[in-house]
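Residue numbers (my numbering): 804 to 2019.
Every residue, glycine too, gets a C-beta built ideally from N, C-alpha and C.
A quick write-up on the structure given underneath.
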């Protein structure tokens, strides 16, 4: 394993950038029929900011960011054209290579560049990286070239009383290069001259050295305080740290302490003072741990908090602890249990630990420290344990900091030697930590200063500084970062039997078309790297379809049952022909890639196998290499190859895929989580790794690929806080796509180089006033287009002017950042202020401020996974039940998660609960109003501890084709059936006594594909519209919807209005079946025209579910009184046009009110306009109103008769 020190030299010191270069105008050139090497081309063109993007044999694709800066050499062998000509989406000619080579250069853009070719001579300023030999840099070039500016490791220093460091002249080198100084909490108040303390803190701040504190997090003496352990520990430790915070702020008001290491907080709860106690279980200790984490993070925003573990004293897997503690050979317990708890809690908690700090001294790591159970630990590989812990922590998205020290040294010189030896041993044999914590709590070394005196603490740290710029390079790291130079070996796997068998076969045209698009795909990464300030180039090594190496005698696309199940079938013979016969296929390809990059003198190398055959194969790649496999179809067009290359260099998939949800949500690299994974992350954006979107990458991906050190956010801040805006993204063809609406302030993680459009949506806010005339802080209009780059403001403000008009419709968005577990919502149920949401990516219940996620948890507790739900129900007690496509019902009952598991292997798409507490479920169609025949799976019900099935062969159920379930006003079960024939279809009532009553004849349509529960009844959706079933009878309605509309869901409110969720928005009909409103993207602020679900809450809010979350609409015209009778219909008579003259009388006649009563009429705001009695007039109820002063299209009235209140509405038809 080679270790290579990175220097700060820049390879080309005269590279420059012009500030006024035209944005987004990358030009490409093709060098063809040329014998010039990559270095030659770079040398010629570097002053003109051309770079080599891709080299294919004698063809070199160059790129430049300057508009009209076109260069050709003396031999006229460089053709120039703009970037769009490299976009495969705009090219119809498959033979791209011939097209770009034969492209005629526009003469007006041609200039001659007559500079002589300069040979590339190495010098001290060249930037070639040298081998690392102990602490010296040799003069020879490295076997593996490394690019400049790779992020190094962080060096932390920690020892006794830190205030001795006030004399910075004695540790100047360390001061200039140190990253972090850590202080033990007990040393903060060490006797020190205030002037010296201020001098030290000022020096740390001026040198950008972060200040860390090691605290307990949870304290032993507060373990007995149960649920108050966190609060008591925080109060004590924050009081101890506060004087230092105040000192820092007195010097620099915007700064505070930067990092905390929580030293063994779980151990302190389970084993306070190293004695096992029963104050806490592991679960309750973890509860307290995350509570104290929250307290610190709320107190000091942006602080980094690491969990520090004394690892030798914990068991790991099947290995014991180094010491038996209080009679337990596992010491404090099984540390894998803590890591599993972290994994589970990372899903639901507001804050997460940033890193794991490992305390495992040198003498313990090599097994020479004293122990009280020598025989038990004799065969343990302690270094392997540490490596497994490091890997486990990275899988949780945590940075890893390794403490380097030794308890086995008897002198300062021995301590010095063993600590540096430990770093070497760790980097060579264990792992690659993000932080090197040079820390001692022992009596060695004796002195802090000076750094030039052997074996002092600062001398030790000074000699450890070179390690911060080390990256570990070996033959297993062949594609570590998306920077520098790479060689791509492209194998066109050729089936020699194809012609005889009639299977698809390679030919030259197909191969050239694939090569051309591969070049375009690789050049895309060159652009992205440049946007982040890095050089990236590729050289393609072609192993053509006629090369003996690529020949196989079978169809390489045949036999795939999973992503990579068949790869070795052709990879092994190819590698064998190349001479790689040892090890498994991954090892062989890595060795080949390692040798190839040495041969080509590139930083990295990987293999791509392109298949042609009769079967479909999903493109796939190994994370961090060494290979990817694609078919000709996925290589010739689009950006699939670009996406797979992203994996080769460490990029994660960001698109939603059910079976991989938990895995991808826990992925992290280089300290960044998979934050753009399209599941429970908010916001997410289109990107190359999400959907092969050619518009760019997320900043999370940039960190994964080594293009950025940390994720940078751009905040869109809005005024008013409920304002709505839309974001869309440009692809490489400059088309803005994927418009998504947001509400309120949002922190976006747009990658550099992305082209973005922000558009404000006026007149649609959660406020009782209308806001209009929106303007962006960087634009005078409501639309702002820009390319994300280093000059983009960290905050972009959107401000609206206020109008004096009230807003009749107020909007609120629910998404995975607040209420939802899934962005696509297929079912909505409500009870009071509680909402239940079911989607393809999970289930949640929202109480107005808190979200509860209902994931499936296996009985053994080892598996937690989302469930897809397309139907939900709520009982009279406010308990929510969700049918899942896994055949289970997940519930939120009385504030607790409950699971009703099925072994039937079916897929539930409906659920209901009867008054006797029985759960009923069915398979149905697709749960979205489909009129396809449903599965004949019978009626499922939960009895005892399992689901059972009622079928025609074991009961008198009319049909097995159950399509809908609901509870009617009598408390009986309504069941709809939808089969292939009328005899298998219909609507029945089941009385739970094995009696079925047929209601089919009363419906206008017999084939009922869905039932929707409403209060005191149900809505049936069938082939002739809908039927509303209530205690008052059955009302059949045929909504007059556009011919191209599809109804996905429906609901009804207290006023008798019917709401239809469709592919064309939401349609609202009044109780007379008259269309009164259509909500769509053009006339409202709903987030999508395609709406899968809808519900109306008890207080009249409309909840609309789409693929992009839920829109809640509060209408000033909403009427809602829980448990009221049917709303009285109304008639409006009187003078027209309205409003009439001031003080004029309008006669309003109201029907369906029997008897005298008290009448109230009120407006949108609730202001009462009239109180009085009504009188009978020609058989109607008569009201006399003055409407001249009413600024509203809708009034409400209530009539109180004895103990009954009835409600209605009055429409005012203005003509202006």
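Around the Cβ of residue 1685, a 10 Å sphere holds 16 or more other Cβ atoms; the residue is buried. In the displayed model, residue 1494 falls within a helix according to three-state DSSP.
One Cα belongs to residue 1357, the other to residue 1306, and the distance between them is close to 10 Å.
At a Cβ-Cβ threshold of 8 Å, residue 1282 and residue 1458 do not count as neighbours. Judged by their CB atoms, residue 1111 and residue 1160 are nearer to each other than the 8 Å cut-off. Per DSSP, the beta-bridge partners of residue 1423 are 1432.
By the beta-carbon neighbour count (other beta carbons within 10 angstroms, threshold 16), residue 1805 is exposed. Nearest to residue 1351 by C-alpha distance, out of 1376, 1362 and 1670, is 1376. Between residue 1021 and residue 1036, the C-beta gap is smaller than 8 Å, which places the two residues in contact.
Shown here, residue 1694 sits in a strand according to DSSP, grouped into three states. Contact check between the region 1161-1172 and the region 1089-1104: fewer than three CB pairs, one atom from each, fall below 8 Å, which does not count as touching. DSSP links residue 1723 through a beta bridge to 1715 and 1744. Note on the region 1211-1281: whole beta strand (DSSP E) runs with a minimum of 3 residues are 1238-1242 and 1273-1276, in chain order.
In the DSSP assignment, residue 1868 falls outside any alpha helix (DSSP H) and within the unbroken beta strand (DSSP E) covering 1868-1872. In this structure residue 1761 is not in contact with residue 1723, their Cβ atoms being roughly 15 Å apart against a cut-off of 8 Å.
Approximately 16 Å separates the beta-carbon atoms of residue 1517 and residue 1529; this is outside 8 Å, ruling out the contact. In the structure shown, residue 1563 adopts extended strand secondary structure according to DSSP, grouped into three states. Here residue 1749 is exposed: its Cβ has fewer than 16 other Cβ atoms, across all protein chains shown, within 10 Å. If you draw a 10 Å sphere on the C-beta of residue 1597, you find fewer than 16 other C-beta atoms in it, and that means exposed. The beta-bridge partner set that DSSP reports for residue 1816 consists of 1821.
Comparing alpha carbon positions, the residue from 979, 956, 976 and 996 closest to residue 965 is 996. Residue pairing for residue 1765: DSSP places it in a beta bridge opposite 1780.
With a contact defined as Cβ atoms closer than 8 Å, residue 1644 and residue 1673 miss out at about 12 Å. Per DSSP, residue 1835 lies in no alpha helix (DSSP H) segment and is marked neither H nor E.
Every unbroken stretch of the alpha helix (DSSP H) spanning 4 or more residues and falling wholly within the region 1130-1166 is given here in chain order: 1138-1151. Selection 1024, 1395 and 1116 evaluated against residue 1172 yields 1116 as nearest (Cα-Cα). Scanning the region 1028-1089 for uninterrupted beta strand (DSSP E) segments of 3 residues or longer gives 1062-1066, listed from N- to C-terminal end. Closest option to residue 1456, judged by alpha-carbon separation, among 1462, 1448 and 1467: 1467.
A buried status is given to residue 1196, since no fewer than 16 other beta-carbon atoms sit within 10 Å of its beta-carbon. In this structure, 1639 is the residue among 1756, 1639 and 1725 with its C-alpha nearest to the C-alpha of residue 1698.
Look at residue 1674 here: in three-state DSSP terms it is strand. Residue environment analysis places residue 1247 among the buried positions, since at least 16 neighbouring C-beta atoms fall within 10 angstroms of its C-beta. For the 8 Å CB-CB criterion, residue 1496 and residue 1486 do not form a contact. Distance from the CA of residue 1480 to the CA of residue 1264, rounded to the nearest whole angstrom, comes to 39 Å. Contact between the region 1623-1640 and the region 1657-1676 is present: three or more C-beta pairs spanning the two stretches fall below 8 Å.
The beta-carbon separation of residue 1844 and residue 1863, rounded to 7 Å, stays under the 8 Å limit for a contact.
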